[in-house]
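If you're matching positions, the first sequence starts at -18 in my numbering and goes up one per residue.
A quick write-up on the structure given underneath.
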Amino acid sequence: MAEPLPKGYEPKDVEARWRKHWEETRVFTPDPGGPGEAFSIVIPPPNVTGALHIGHALNLTLIDALCRHARQKGKNVLWIPGTDHAGIATQNVVERALAHEGKNRRDLGREAFVERVWTWKEDYGNRILDQIKALGASVDWSRLRFTMDEGLSAAVRKVFVRLYDEGLIYKGKYIINWCSRCHTALADDEVEHEQRRGRLWRVRYHLADGSDSIVVATTRPETIPGDTAVCVHPDDEHYQRVIGKTVLVPVLGREIPVIADAYVDREFGTGALKVTPCHDHNDWMLGNKHHLQFIQAIDENGLMTSEAGPYAGLAKDACRKKIVADIEAAGDLAGSEDMEHAVGHCYRCRTVVEPHVSEQWFVAATKLAPAARAAIPELTRIYPESWIKTWNHWLDNIRDWCISRQIWWGHRIPAWTCPACGQLTVAEDAPSACKTCGANGLIQEDDVLDTWFSSALWPFSTMGWPEKTEDLEHWYPTSVLVTGFDILFFWVARMMMMGLHFMSKPPFRHVYLHALVRDAEGRKMSKSTGNVIDPLVMIDKYGCDALRFTLTAFAAMGRDIRLSEERIEGYRHFVNKLWNAARFALIHLEDMPAEITLDNVSGLHNQWLLHRLEAVKKGMDGAFAEYRFNDAAQLGYKFLWNEFCDWHLELIKPDLQSQDTERVKTAKYVLWLTLRETLVLLHPIMPFVTAEIWQSLPAAGQVTDIATEAWPTARPGCVRENEARRMEFIQEIIVATRTIKAELNIAPTRKTALLIHPVDERQAALLEACREMIIALARLESLRIDSPADAPKASASAVVQGCQVIMPLRGAVDLASELSRLDKELLKVEKDLTAADKKLHNESFIERAPEEVVRRERDNAARLRDAREKLLALRQRFAEALMDGEE
RNA sequence: GGGCAGUUAGCUCAGUUGGUGGAGCAUCGCCCUUACAAGGCGGGGGCCACAGGUUCAAGUCCUGUACUGCCCACCA
-18 MAEPLPKGYE PKDVEARWRK HWEETRVFTP DPGGPGEAFS IVIPPPNVTG
32 ALHIGHALNL TLIDALCRHA RQKGKNVLWI PGTDHAGIAT QNVVERALAH
82 EGKNRRDLGR EAFVERVWTW KEDYGNRILD QIKALGASVD WSRLRFTMDE
132 GLSAAVRKVF VRLYDEGLIY KGKYIINWCS RCHTALADDE VEHEQRRGRL
182 WRVRYHLADG SDSIVVATTR PETIPGDTAV CVHPDDEHYQ RVIGKTVLVP
232 VLGREIPVIA DAYVDREFGT GALKVTPCHD HNDWMLGNKH HLQFIQAIDE
282 NGLMTSEAGP YAGLAKDACR KKIVADIEAA GDLAGSEDME HAVGHCYRCR
332 TVVEPHVSEQ WFVAATKLAP AARAAIPELT RIYPESWIKT WNHWLDNIRD
382 WCISRQIWWG HRIPAWTCPA CGQLTVAEDA PSACKTCGAN GLIQEDDVLD
432 TWFSSALWPF STMGWPEKTE DLEHWYPTSV LVTGFDILFF WVARMMMMGL
482 HFMSKPPFRH VYLHALVRDA EGRKMSKSTG NVIDPLVMID KYGCDALRFT
532 LTAFAAMGRD IRLSEERIEG YRHFVNKLWN AARFALIHLE DMPAEITLDN
582 VSGLHNQWLL HRLEAVKKGM DGAFAEYRFN DAAQLGYKFL WNEFCDWHLE
632 LIKPDLQSQD TERVKTAKYV LWLTLRETLV LLHPIMPFVT AEIWQSLPAA
682 GQVTDIATEA WPTARPGCVR ENEARRMEFI QEIIVATRTI KAELNIAPTR
732 KTALLIHPVD ERQAALLEAC REMIIALARL ESLRIDSPAD APKASASAVV
782 QGCQVIMPLR GAVDLASELS RLDKELLKVE KDLTAADKKL HNESFIERAP
832 EEVVRRERDN AARLRDAREK LLALRQRFAE ALMDGEE
């Protein structure tokens, strides 16, 4: 039965207890044969090396809210947790640790190194799981996955082999992005371009016949030894004379052709471009088109090759200095200038990326992309929809995906080469002998797959594919993918391609892209800037629910979140408010209150509250369904605080003290029921505090776990617009009275007399029925509801919906301030009335606006006119009182 | 260069289908009213970036401009 709640909400103990409870009772472990419509989400697997950051906190909070809400709606909810092996990132971390021991991975050798990473993963990889727990994520821990689990690795191999057999994976020589620090190829989207200050040199190339020269502009003179052509625009009259001739590479003296291609921008630099096919993506394209020579001048370590002649062995930066100096010495430097240009950096280590020609594995993304493009919005809806254009543009311009990485940590490519005949065998399992020549000792590829290759399979590999599992049958495709837009292409697009190809269905019905969390100044949070907000610290300081509520409240679609600690602190007040409201309720609900019929509940305030509750239920339900998280949070916030606490709890205080047992009974039941339903509504956002309060509340029968409680059903009988409006009128009367007191500097606690002059019998009856409420909330000594004929002239007053509210003033009250108060009020009414009249005098408004709108405007004007008359009269009386007082 | 957002109170942001603009924080005043001072009550504060257009009516729809941010892109 009911237990008293401690005075202050202590998140730490409460959260720990509920986490344990939910884990032990396995309420988040669903059965594929269980009842309810299937609802599933796969976690965007955090990097196993990573610590939970605020972006994860947002992501997990939103997913958790959706899952908890879906569960409340009776769905069969599966949320699969897991982590990603994050190839390059994880390898880097372990290599750094090794470096501290003065070793590198080659000292250990491949096997020992990989073993070491696994050990590291076991030690540190579980930290992230504890952090997911700390956030209250209602994941199914029995289905925990890791991208390098045996099952998922088998899926990777199967996919690789199938794609290879279908010709959708191939090996080929291509210019790729090379990180000389990570010593691996990078996919196009793993390269981040940044504007950097650089220099543009103008270098003179002499014609081989010595007759002339041509000046070429370059930002990378160190690639000159790799030049195999100079290219100009075919229509450029400056260079017609040299097209088809040959020039000499500066310093080296090698003879190369001058070619013409419309690719060249005549306006840029000198209009002449040096072509270095091995060290520039566009030059690669030109080299192929014009069948140029391919000369590799820089190796994979960033050193100049023997092709660079006198510069061989130099680091590329040193070569740049030297070659510029040499050219200048030769008198062939035609000038140089500073310029800004985009430079590619490795997204993991920030090293400048070097275009590099090598043998790599590719997925024919160009062939898989069209289906993925067409899937949105036909098969999968994306929220917010504005991303469709970006999605289409990216998929329309996709290039084949380089999937081989020259690192050790990851899924090793399942391809073997025969040492005897060189035959390549691609297979799920290591072949014992060469199919062609029967030789043994086939050698597996050294490279591993891009991390995103296994992530691309995540929605079905986690459910047991390629086995035909019940999970797949029941829960694929997943209901919605929730992630940040920053990995739309890295991850979402690739999942879409793989899902469509292997499952014939898109991997998710909806994609919800949430914002990036930034700091208060709108900057990205990063360790180097020192502006990170650590979610674990926030949970520790303010409680998980406060953090979750804040993130949810700020998660408006299509907009970044600027987070600061003060905001979390602010929403902690809300958690506390809920807690205290519950404490109040529990004081009066020692036992389960007797049930009453709600459709015809007595008491205007009860009718109003239940009416509002219906609206909030509906509103929050819709908000969750459409991923309007901020709306859901706001609706819950306002209802709980501004309606339930500010009004209803105050309004039922007299009820609870009453001798009328029916009245007490009604108050208690409405209180109990509203609080319970509100807890359920808020539970998806604030699981812990709601769970704690829920179990303290008396219940009919066994106390249940709020996590398994159903979303409250609608009570159409409680929707009562008219009663709600009447209650709002009473509230306006009370506010007007309070305002008079506040503005005349009368202490709110000082009980005053009040006279209300209603406009008609109906209003009089309503006021009479609510007499007690008005007295209590406006803090009155007495209340008269009738004509003000004998009211003292020295009274403060207000007009509410035509009804005059009059407060006789006695004692030390600054009477002059009442006069200015009334003047201010009059001014406002005048202004509104002028605006309304202006509209009503506009003939086209009367003619064209809908009847309803015109009628409302007329009513409005009439109301204002009436208010003005009454205020003027009241002011007149008051002014007389002032005169009298002065005489 | 292309694309996408944003511009609303001092600050951070809401504002569903056009019908007199809201919240939190901050600020000012009064109150320790027996759930809550992490609180209550009340107030002040906005030509909704700018310029046009559509409309009886525009923060909301359209066009353009300015600034800010993000994404994409092969200007060497």
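Every residue, glycine too, gets a C-beta built ideally from N, C-alpha and C.
In this text, all values refer to a predicted model and were calculated from it rather than measured experimentally.
Between P693 and M573, the C-beta gap is not smaller than 8 Å, which leaves the two residues out of contact. A direct Cα-to-Cα measurement between L462 and W472 gives close to 11 Å.
Distance check between W342 and each of A293, A166, D216 and G465 places A166 closest, using alpha-carbon atoms only.
Comparing alpha-carbon positions, the option among L532, E448 and S677 lying closest to E571 turns out to be S677. Counting only runs of at least 3 residues, the segment 398 to 481 fully encloses the following beta strand (DSSP E) elements, listed from N- to C-terminal order: 405 to 407 and 459 to 465. Around the beta carbon of Q638, fewer than 16 other beta carbons sit within 10 angstroms, so the residue counts as exposed.
Each residue's CA atom was taken as its position, placing G551 and Y523 some 10 Å apart. Residue environment: D612 is assigned as buried (16 or more neighbouring CB atoms within 10 Å of its CB, all protein chains considered). Between A437 and M476 the beta-carbon gap is near 5 Å, inside 8 Å, which marks them as a contact. Boundaries cannot be given for L188, as no alpha helix (DSSP H) includes it and DSSP labels it neither H nor E. Comparing C-alpha distances from T689 to each of T6, A(-3) and K1 shows the shortest one belongs to T6.
Taking the Cβ atoms as the reference, I24 lies roughly 27 Å from C163, outside the contact range of under 8 Å. Secondary structure note for T199: its beta strand (DSSP E) is the uninterrupted segment S194 to T199. Of the candidates E811, A534 and L481, the residue whose Cα lies closest to the Cα of H495 is A534. Taking all protein chains in view, the Cβ of V498 is crowded by 16 or more other Cβ atoms within 10 Å, so the residue is classified as buried. For F625, the secondary structure class from DSSP, reduced to helix, strand or coil, is helix.
Between the alpha carbons of G294 and T286 lies a gap of roughly 6 Å. Sorting Q425, C415 and D216 by C-alpha distance to the C-alpha of W389 places Q425 at the top. In this structure, V197 is the residue among H272, V197 and A770 with its C-alpha nearest to the C-alpha of E248.
DSSP places M788 in the strand class (E or B) of the three-state scheme. Burial check for V661: the Cβ neighbour count within 10 Å reaches 16 or more, so the residue is buried.
For S825, no beta strand (DSSP E) run applies; the uninterrupted alpha helix (DSSP H) run containing it begins and ends at E824 to R829, by DSSP. Contact between I237 and V211 holds: CB atoms are separated by about 7 Å, below the 8 Å threshold. Nearest to I369 by C-alpha distance, out of A355, L423, R706 and I379, is A355. Look at the beta carbons and you see the segment 587 to 596 not touching the segment 545 to 564: under three pairs across the two are nearer than 8 Å. Under DSSP, M285 forms a beta bridge with I279. In the same chain as P668, and ignoring 5 residues on each side of it, the C-beta atoms closer than 6 Å to its own belong to G117, in chain order.
Residue range W368 to D377 is occupied by the alpha helix (DSSP H) that includes H374. If only complete runs of 3 or more residues are kept, the segment 120 to 176 shows the beta strand (DSSP E) at 150 to 160 and 165 to 167, in order along the chain. Within the model, the alpha-carbon separation for I363 versus A575 is close to 47 Å. Note: K255 is bridge-paired with V211 in the DSSP secondary-structure output.
Looking from the CA of D377, the closest CA among L349, R386, P358 and G403 belongs to L349. Scanning its chain for C-beta atoms nearer than 8 Å, with the 5 sequence neighbours on each side dropped, one finds around F555 the residues A527, F530, Y618, L621 and W622, in chain order. Taking all protein chains shown into account, S778 has 16 or more neighbouring C-beta atoms within 10 Å of its C-beta and is therefore buried. Just so you know, the alpha carbons of G480 and I224 end up roughly 50 Å apart. Burial is judged here by how many other beta carbons sit within 10 angstroms of a residue's own beta carbon; C259 has at least 16 and is buried.
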